[in-house]
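Here the structure is laid out as structure tokens; the discussion comes afterwards.
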Amino acid sequence: MSELQNLMNLLETQNFNATSDNDLMPFKRKSKNDLIKAAVLIPIIKRKNCFKVILTKRSDNLKQHPGQIAFPGGKLEKTDSSAEAAALREAYEEIGVCSSDIKILAQIATHNTITGFQISPFVARVKDTISMKIQIAEVAEIFEVPLSYLMDKSNYRIETVTWNKNKRYFYNIPYGPYYIWGATARILKGLADLR
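Just so we're aligned: the sequence shown equals residues 2 to 196 in our numbering.
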């Protein structure tokens with residue numbers, strides 16, 4: 002059975018609990034009504050003999066989360082009919098993947114960030130033959146990480162920093178030169194926890 006089929010089986014049998022940047026911290030959470038709605042795509046592609054997750058390194062010129070590793074995604078706009086539509090639109094805008102080349106496999110639990118977003122993540126299979134194109138105003142780089150690496154809980158670390166005079170704990174996943182942390186790491190950790 003392939004890594005992707007294993008993940009799909011897990012997705013079908015799980016009840017997802019919403020996650021938050023506060024999962025590791027005792028901070029008071031913002032009201033859900035105050036959170037900005039956003040959506041991301043967790044795009045999975047097959048390369049040779051393994052499945053990989055497509056991630057982006059955000060542009061250093063962005064106001065929010067510059068230089069961070071992220072899924073294609075962003076805020077819901079008034080023209081978006083749903084969170085899924087927003088994730089598909091953002092995937093096209095940021096990495097040039099058309100919705101016709103994407104099959105949504107599952108929506109997993111929302112993730113609330115400490116920066117005020119409520120993210121709806123969508124696990125998706127993208128066609129192996131796609132060509133991606135960076136939207137340079139938002140994305141500095143596109144790269145891929147093996148799904149098996151991201152599903153291995155031993156690759157996740159918990160780190161501590163002081164932020165606003167409070168200790169903050171967060172997940173990270175070191176991968177080569179990339180430092181995957183914050184909401185992206187927490188959403189991926191939620192998938193790894195399905196095992």
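Even glycine gets a Cβ: it sits at the ideal position worked out from N, Cα and C.
Could you pull the start and end residues of the alpha helix (DSSP H) that residue i belongs to?
{"i": "R196", "result": "Counting along the chain, R196 falls outside any alpha helix (DSSP H), and DSSP gives it neither H nor E."}
Between residue i and the rest of its own chain, which residues show a CB-CB distance below 7 Å, the 5 nearest in sequence each way excluded?
{"i": "E95", "result": "T57, P73, Q136, E139, V140"}
{"i": "K47", "result": "D129"}
{"i": "M9", "result": "L106"}
{"i": "K104", "result": "A125, R126"}
I think residue i touches residue j, with their Cβ atoms under 8 Å apart; what is that distance to the nearest whole Å?
{"i": "L12", "j": "A87", "result": "No, L12 and A87 are not in contact; Cβ-Cβ is about 20 Å, not under 8 Å."}
{"i": "L5", "j": "I45", "result": "6 Å"}
{"i": "A92", "j": "L42", "result": "5 Å"}
{"i": "K134", "j": "G97", "result": "3 Å"}
{"i": "Y102", "j": "I143", "result": "Residue identity differs from the one stated: residue 102 is Asp in this sequence, not Tyr. So it is not a contact: roughly 15 Å between Cβ atoms."}
Could you pull the DSSP bridge partners for residue i from this structure?
{"i": "H66", "result": "In the DSSP output, where bridge partners are listed per residue, H66 has none listed."}
{"i": "T114", "result": "Paired residues: none, contrary to the question."}
{"i": "Q108", "result": "F123"}
{"i": "K53", "result": "I46, P147"}
{"i": "K134", "result": "Per DSSP, none; premise fails for K134."}
{"i": "I38", "result": "It is worth fixing the name first, because residue 38 is Lys in this sequence and not Ile. For K38, which the question treats as bridged, DSSP gives the partners Q119."}
{"i": "R59", "result": "V140"}
{"i": "I1", "result": "Residue 1 falls outside the range modelled here, since the chain spans only 2 to 196, and no answer is possible."}
{"i": "I181", "result": "I174"}
Once you ignore the five residues that flank residue i on each side, which residues in its own chain have a CB closer than 8 Å to its CB?
{"i": "S60", "result": "P67, G68, I137, A138, E139, V140, A141"}
{"i": "K76", "result": "I37, K38, A39, A87, F118"}
{"i": "L151", "result": "V54, I174, L189, L192, A193"}
{"i": "N78", "result": "The residue asked about is misnamed: residue 78 is Glu in this sequence, not Asn. Once the five neighbours on either side are set aside, the close Cβ partners of E78 are A87, R90."}
{"i": "W182", "result": "Q69, I70, E160, F171, Y172, N173, I174"}
{"i": "I120", "result": "A39, A40, V41, G74, T111, H112, N113, T114, A184, I188"}
What are the boundary residues of the beta strand (DSSP E) that residue i is part of?
{"i": "A87", "result": "That residue, A87, is in no beta strand (DSSP E); its alpha helix (DSSP H) goes 84–96."}
{"i": "F72", "result": "From DSSP, F72 is part of no beta strand (DSSP E); its letter is neither H nor E."}
Ignore the nearest five residues each way along the sequence and tell me which others in residue i's own chain have a CB closer than 6 Å to its CB.
{"i": "F52", "result": "E4, L5, I45, L148"}
{"i": "A71", "result": "T57, R59, T185"}
{"i": "D35", "result": "none"}
{"i": "N62", "result": "none"}
{"i": "Y204", "result": "For the chain, the structure presents residues 2 to 196; residue 204 sits outside this window and is missing."}
{"i": "Y157", "result": "Y172, I174, K190"}
{"i": "D81", "result": "A87"}
Query - Complete beta strand (DSSP E) runs within the region 149–178 (minimum length 3 residues, chain order) - result: Listed in chain order, they are 158–164, 167–176.
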